[in-house]
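Here's the structure, in structure tokens; my notes come after.
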Amino acid sequence: MIAIANEVMGSERLVVDPPPEMGSEDFCYMLEQRPGCYFLLGQADDAHQAAAHDTNYDFNDAILPMGASLWVRLVERRLSAAGAS
Numbered sequence: 001m002i003a004i005a006n007e008v009m010g011s012e013r014l015v016v017d018p019p020p021e022m023g024s025e026d027f028c029y030m031l032e033q034r035p036g037c038y039f040l041l042g043q044a045d046d047a048h049q050a051a052a053h054d055t056n057y058d059f060n061d062a063i064l065p066m067g068a069s070l071w072v073r074l075v076e077r078r079l080s081a082a083g084a085s
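Under the numbering used here, the first residue of the sequence shown carries the number 1, and numbering increases by one thereafter.
Shown next as structure tokens:
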């Protein structure tokens, strides 16, 4: 995922090892059952500063193409790797 995010967003916009937070406290239980990766797609700009559970939260629609590109490239990479084996 790091390589894909680097391709889509560029290394200057990528935070690889952020400080710990409690936003993924239950994700570890899913990782016990299946391999995975927890990542966040930042959306803050001057007009979108409120956090997700804030009453003033407004999703930044401008990040949709970037988020979609991450998922498409991830699927392409996984399918390519599956076809090679």
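Using N, Cα and C, we set each Cβ at its ideal position, and we do this for glycine too.
query: Three-pair Cβ contact test at 8 Å for the stretch 3 to 12 versus the stretch 63 to 76; result: yes
query: Pairwise C-alpha distance: residue 35 and residue 82; result: 16 Å
query: Nearest-angstrom Cα separation, counted from residue 15 out to residue 68; result: 19 Å
query: Whether residue 39 touches residue 1 by CB criterion (9 Å); result: yes
query: DSSP-derived helix/strand/coil call for residue 61; result: helix
query: C-beta atoms of residue 41 and residue 22 nearer than 9 Å; result: no
query: Own chain partners of residue 30 with C-beta closer than 8 Å, once the 5 adjacent residues on each side are dropped; result: 36
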